[in-house]
Amino acid sequence: MQAINELYDVVGDPLTYARRLKEQTGKKIIGYMCTYAPEEIIQAAGAHPLRLFGSNKNIFLADGHLQAYCCSLVRGVLEDALAGDLNFLDGMIFPHTCDTIQRLSDIWRLNISFGFHLDVVLPVKLNTKSARDYMIDVQNLFRNDLEKALQVRITDDSIKKSISLFNEIRSGLEKVYELKNINPEVISGKDLSVLVRAAMIMERNDYLKILQNVIAELEKKSGAAKAPGAKRLVLAGGICSQPDIYSVIEDAGGVVVGDDLCTGSRYFAGIINAEGDPIAAIAERYVQRPVCPAKHMDKNARAENLIKIAKDGKAAGVIFLLLKFCDPHAFDYPDLKEALARASIPSLLLEVEDQPQAQGQLKTRIEAFLETIS
Amino acid sequence: MYTVGIDIGSITTKAAALQHGKLVGTNLVFTGYNSAAAGKRVFTELLQNIGINETADIKIVATGYGRSSLDFADKAVTEITCHAAGAYFLNDKIRFIIDIGGQDSKAILLDDRGKVKNFIMNDKCAAGTGRFLEVMARALEINLDDFGALSLLAQNPAQISSLCTVFAESEVISLISKGVARENIIAGIHESIGSRIAALAARAGLTTPLMVTGGVAKNVGLIQALEKALGLKAEVSEYAQLTGAIGAAVLAGNL
Numbered sequence: 001m002q003a004i005n006e007l008y009d010v011v012g013d014p015l016t017y018a019r020r021l022k023e024q025t026g027k028k029i030i031g032y033m034c035t036y037a038p039e040e041i042i043q044a045a046g047a048h049p050l051r052l053f054g055s056n057k058n059i060f061l062a063d064g065h066l067q068a069y070c071c072s073l074v075r076g077v078l079e080d081a082l083a084g085d086l087n088f089l090d091g092m093i094f095p096h097t098c099d100t101i102q103r104l105s106d107i108w109r110l111n112i113s114f115g116f117h118l119d120v121v122l123p124v125k126l127n128t129k130s131a132r133d134y135m136i137d138v139q140n141l142f143r144n145d146l147e148k149a150l151q152v153r154i155t156d157d158s159i160k161k162s163i164s165l166f167n168e169i170r171s172g173l174e175k176v177y178e179l180k181n182i183n184p185e186v187i188s189g190k191d192l193s194v195l196v197r198a199a200m201i202m203e204r205n206d207y208l209k210i211l212q213n214v215i216a217e218l219e220k221k222s223g224a225a226k227a228p229g230a231k232r233l234v235l236a237g238g239i240c241s242q243p244d245i246y247s248v249i250e251d252a253g254g255v256v257v258g259d260d261l262c263t264g265s266r267y268f269a270g271i272i273n274a275e276g277d278p279i280a281a282i283a284e285r286y287v288q289r290p291v292c293p294a295k296h297m298d299k300n301a302r303a304e305n306l307i308k309i310a311k312d313g314k315a316a317g318v319i320f321l322l323l324k325f326c327d328p329h330a331f332d333y334p335d336l337k338e339a340l341a342r343a344s345i346p347s348l349l350l351e352v353e354d355q356p357q358a359q360g361q362l363k364t365r366i367e368a369f370l371e372t373i374s
Numbered sequence: 001m002y003t004v005g006i007d008i009g010s011i012t013t014k015a016a017a018l019q020h021g022k023l024v025g026t027n028l029v030f031t032g033y034n035s036a037a038a039g040k041r042v043f044t045e046l047l048q049n050i051g052i053n054e055t056a057d058i059k060i061v062a063t064g065y066g067r068s069s070l071d072f073a074d075k076a077v078t079e080i081t082c083h084a085a086g087a088y089f090l091n092d093k094i095r096f097i098i099d100i101g102g103q104d105s106k107a108i109l110l111d112d113r114g115k116v117k118n119f120i121m122n123d124k125c126a127a128g129t130g131r132f133l134e135v136m137a138r139a140l141e142i143n144l145d146d147f148g149a150l151s152l153l154a155q156n157p158a159q160i161s162s163l164c165t166v167f168a169e170s171e172v173i174s175l176i177s178k179g180v181a182r183e184n185i186i187a188g189i190h191e192s193i194g195s196r197i198a199a200l201a202a203r204a205g206l207t208t209p210l211m212v213t214g215g216v217a218k219n220v221g222l223i224q225a226l227e228k229a230l231g232l233k234a235e236v237s238e239y240a241q242l243t244g245a246i247g248a249a250v251l252a253g254n255l
C-alpha cells in the first residue's frame, strides 16, 4: 500500500530515522523498551519517545554482561548500546516490568555513559485501590524526574495536548484493526505490523498524518473481497519483530484478524480521559488496559481478554508467539492455553527470537496447525 | 487410480503408491543436495518398480521439508498431517505418534478418526534426531545399522548429560578415551535421546496406543530406551520410515 511504503524504511532502520530526526529538529530522543513507558509525558516535555526493538546484528558485546537465559530483545538493545549505535539518545527510560528489563537498567547505569537514566518503578498489582494511588504518584515522580533531566517545565496543558495526540493515534490504530477484522484482505498482516511499530518510532505528529492517509485509503478499499477461504487467527505474546511471520501465515492459507501483542493491540488499547488531572488520567489508562504478564490484574483477566479477542475476530485458532527466554509470558502460557482449550479454541506455541528463524520449521508448524483446524 | 505420496526428508526421500486403498509399492533414495531431483528420482523409480506409466492417472501429494520443491505434485501437505494419516492407515487404533526423523522429532496426538489433535516439534537443534545418531556413529566408528543391536548388549549404560549434539559428541569422545565399552556408550546415547523425546511426548499429551515412526524407529536399542523412559510399549511398523509417504498417498486419495 502506497501510504505504508515509507514506513518500511523507518521500521527497517529505526536508529537512522531517529538520528536524522534529531539532526533536523533538534529534539531530544528518549529511548524505552516497553509499553509501560509513559510516552505522553515524554512527548509533553518536547522530547521524542523512541521504542527500541533489539538488534539484527550478531551479539558479542552484550554476552559479556548477560546470562544465557536473557531474551534476544534485551540482548539486542544492550548490544546496540555497547556498540555505540545508541549514543544519540539523550536518555533511557526503564519501567519496572520484567526482571530482565529491571536488571538491564542496572547494567545500563553501570556501563553506558551517554544520556540520563530513569527508572519508573510501577506497581506490580494493578487491581487494588492503593495501586491506583501509587500509579499516580509514580507518574508524577516521573514528570518531575524528566523535568530535571531535560531542564524543562512540563505543564498540564502540554500533557493534555500530548494526550489528545496519542488518543488520536490509538483510536486510529483501533480503527485499522476493526477494518482488518471486517475484511482481512484490506491490509496485509505485514503492512499492519509495520504500521503499528512505526507508531512507536516516528515523530508522532508526522505519524498521525500518515495513519490518517492509511485509514482513508483502507476505507475506500474496504468493500473488496473478504478472503473467503483463509482461516482466521489471533496472535498472542510479547513483541513481534518479524513481519515475515505474517507472510508465512498468509502463504499457508491463514490470516491474522487480531492480536494480544505488546507490538499490537496492547500498545494502543485504551483511550485516556482528556478531562481533569492529566497525570491521573494517564495512570488510569495503565490500570485499566489489558495487562502484560509482568503485571498482575485479576487472575483470569488475561485469559478472558484473549478469548474475547479471539471471539470478536471469529478466529479459528490462536498462535502464541513467545520470545525465547521470556519467562513472564512462558509462565502465563499454560493457563492461557488451557483457558482457550476450555473455550474450544485450538492454539499453537511458537518460540521465536529477534534473530532470523529457521524458516522451514516455522513454516511446517504453521502449515500443520492450519491443517489441523480445518 | 493410483495415489502416490512423496516424503522429502532431510536425509532420505521416500515414496509410496496405493491402488484402491492397498499399498502396492515403496521406494527410498538419499536426498542429497538437490531435494527436487531426489523427489523426481524416487517417483520415477517407484513407477518403474510397480510397472506403471507416468502418464497414468496418478494423484500425488508431497510432504517433508522439501514438499514445496516438487512442481509435479498436486498438493503439498505437512509431514505432521501425513504421519497421522499414514499411522492411521497402518493401524487405525493408534492415538499417538512419535516421529523421529533426520533433523527433527515430533509428537502427534490423534483423535479417533486419525486427525491431528495436537502436535509438538523439537527445536531447531538436532539433539535426539537421526543426524545426532549419525554424528555419534561416526565418533564411535560403527555402522549406524549396528547401533541398535549392539546397545542391547550393554551391561552398564554410560551417562550422557548434554542435550547438544556438539557437546554430546565431545562427551562421547571423553568416554571413549576413558575406555568405556562401545555398547555402554551407545546405550547411554539412546537413554539420553529417550528421555528427551519422552519429555516432548508428555507436552503433547501422551496417550496409547503409541506408534514410533521415522527412520530412527529402525533402531531397536533406541525404541527400547524410549519405551523405558515412557513406561509404555510402542508399536513399530515395518513401514516406520515410509509412514509419511504412505500418509501422503492416503491423502492424495481425497484430492
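Chains A and B are the protein sequences, given in the same order.
FYI, my numbering numbers position 279 of the first sequence as 279, with every residue one higher than the one before it.
FYI, my numbering numbers position 56 of the second sequence as 56, with every residue one higher than the one before it.
Positions of the beta carbon are idealized from the N, C-alpha and C atoms, including for glycine.
This one's a predicted model, so the numbers in the text were calculated from it and none came from an experiment.
Beta-carbon contacts of residue i that lie in its chain and below 7 Å, excluding the five residues immediately before and after
i	result
Arg-314 (chain A)	For clarity, residue 314 (chain A) is Lys in the given sequence; the question names Arg instead. Excluding residues within five positions, the ones whose Cβ falls inside 7 Å are Arg-232.
Gly-114 (chain B)	Ala-84, Ala-85, Tyr-88 and Asp-92
Glu-101 (chain A)	One detail in the question is off: residue 101 (chain A) reads as Ile in this sequence, not Glu. Hits under 7 Å: Met-33, Cys-34, Val-74 and Phe-94.
Gly-253 (chain A)	Gly-229, Ala-230, Lys-231 and Leu-370
Nonlocal neighbours in the same chain, by C-beta distance under 8 Å from residue i, ignoring five residues either side
i	result
Val-257 (chain A)	Lys-180, Asn-181, Pro-184, Arg-232, Leu-233, Val-234, Gly-313, Lys-314 and Ala-315
Arg-266 (chain A)	Thr-35, Asp-260, Arg-289, Pro-290 and Cys-292
Glu-203 (chain A)	Leu-21, Thr-25, Lys-27 and His-48
Phe-60 (chain A)	Glu-79
Glu-6 (chain A)	Ile-210
Gln-282 (chain A)	Residue identity check: residue 282 (chain A) is Ile in the sequence provided, not Gln. Cβ neighbours of Ile-282 (chain A) beyond the five flanking positions: Pro-38, Glu-40, Ile-41, Gln-139, Ile-159, Ile-163 and Ile-272.
Thr-128 (chain A)	none
Sequence-distant residues of its chain with Cβ nearer than 6 Å to residue i (five each side left out)
i	result
Ala-187 (chain B)	Ser-151, Ala-154 and Pro-157
Cys-82 (chain B)	Thr-63, Gly-244, Gly-247 and Ala-248
Gly-31 (chain A)	Leu-50, Leu-52, Leu-89 and Met-92
Leu-18 (chain B)	Thr-3 and Ala-249
Ile-112 (chain A)	Ala-81
Residue nearest to residue i in terms of C-alpha spacing, selected from the options
i	options	result
Leu-70 (chain B)	B:Ile-8, B:Ser-161 and B:Leu-46	B:Ile-8
Val-10 (chain A)	A:Val-318, A:Ile-201, A:Leu-66 and A:Gln-102	A:Ile-201
Val-214 (chain A)	A:Lys-337, A:Leu-173 and A:Asp-244	A:Leu-173
Ile-163 (chain A)	A:Lys-175, A:Arg-302, A:Ala-310 and A:Pro-38	A:Pro-38
Gly-229 (chain A)	A:Val-124, A:Leu-340, A:Asp-251 and A:Ala-216	A:Asp-251
His-377 (chain A)	A:Ser-105, A:Val-124 and A:Pro-123	Absent from the model: residue 377 (chain A). The displayed extent of chain A is 1 to 374, so no value can be given.
Gln-43 (chain A)	A:Asn-300, A:Asp-156, A:Gln-212 and A:Val-176	A:Asp-156
Arg-182 (chain B)	B:Ala-204, B:Thr-207, B:Ser-162 and B:Phe-147	B:Phe-147
Thr-213 (chain B)	B:Thr-129, B:Gly-51 and B:Ala-37	B:Thr-129
Val-29 (chain B)	B:Gly-21, B:His-20, B:Ala-16 and B:Lys-22	B:Ala-16
Thr-44 (chain B)	B:Phe-119, B:Leu-23 and B:Ile-60	B:Ile-60
Lys-403 (chain A)	A:Thr-100, A:His-65, A:Leu-208 and A:Thr-128	With chain A represented from 1 up to 374, any question about residue 403 (chain A) goes unanswered, as that position is not in the structure.
Ser-171 (chain A)	A:Phe-268, A:His-296 and A:Thr-16	A:Phe-268
Pro-243 (chain A)	A:Asn-273, A:Met-297 and A:Ser-193	A:Ser-193
Leu-362 (chain A)	B:Met-121, B:Leu-226, B:Glu-238 and B:Lys-22	B:Met-121
His-190 (chain B)	B:Tyr-33, B:Ser-68, B:Ala-37 and B:Glu-134	B:Glu-134
Phe-132 (chain B)	B:Lys-117, B:Val-42, B:Lys-178 and B:Ile-160	B:Ile-160
Ile-100 (chain B)	B:Cys-164, B:Met-211, B:Asn-254 and B:Leu-230	B:Met-211
Leu-126 (chain A)	A:Ile-307, A:Asn-58, A:Val-287 and A:Glu-367	A:Val-287
Per-residue contacts from residue i into chain A (C-beta, under 8 Å)
i	result
Asp-258 (chain B)	Residue coverage of chain B in this structure runs from 1 to 255, which leaves residue 258 (chain B) outside it and unanswerable.
Thr-81 (chain B)	Ala-368, Glu-371 and Thr-372
Val-116 (chain B)	Ala-368, Glu-371 and Thr-372
Within chain B, the residues that residue i reaches when beta carbons sit closer than 9 Å
i	result
Ala-68 (chain A)	Within 9 Å Cβ-Cβ: nothing; Ala-68 (chain A) doesn't reach chain B, min ~12 Å.
Interface residues of chain A facing residue i [CB-CB closer than 7 Å]
i	result
Val-77 (chain B)	Glu-371
Val-216 (chain B)	Residues of chain A passing the Cβ test: none, with the nearest at roughly 18 Å.
Where residue i meets chain B, residues with beta-carbon distance less than 7 Å
i	result
Arg-365 (chain A)	Met-121
Chain-ordered neighbours of residue i on chain A, where CB pairs are closer than 9 Å
i	result
Val-172 (chain B)	Residues of chain A passing the Cβ test: none, with the nearest at roughly 23 Å.
Residue i CB to nearest heavy atom of the ligand GDP below 7 Å
i	result
Gln-159 (chain B)	The model on display carries no ligand, and the ligand GDP is accordingly not part of it.
In chain order, which alpha helix (DSSP H) runs of at least 4 residues are fully inside the segment 50–122 of chain A? 72–82 and 99–111
Let me know the alpha helix (DSSP H) ranges lying completely inside the segment 114–198 of chain B, each 4 residues or longer, listed in chain order. 130–140, 147–151 and 165–177
List in chain order: all unbroken alpha helix (DSSP H) runs of 4+ residues lying wholly within the segment 236–286 of chain A. 244–251 and 265–268
Scan the segment 64–76 of chain B for residues whose Cβ lies nearer than 7 Å to a Cβ of chain A and list them as they occur along the chain. Tyr-65
If we require 4 or more residues per run, which alpha helix (DSSP H) segments fall completely within the segment 163–236 of chain A? 189–198 and 204–221
Please specify which runs of the beta strand (DSSP E), each continuous and at least 3 residues long, are wholly inside the segment 13–44 of chain B, giving them in chain order. 22–30
May I have a chain-ordered list of the alpha helix (DSSP H) segments no shorter than 4 residues that lie completely inside the segment 64–111 of chain B? 79–90
3 or more residues per run - each beta strand (DSSP E) lying fully within the segment 296–337 of chain A: 317–323
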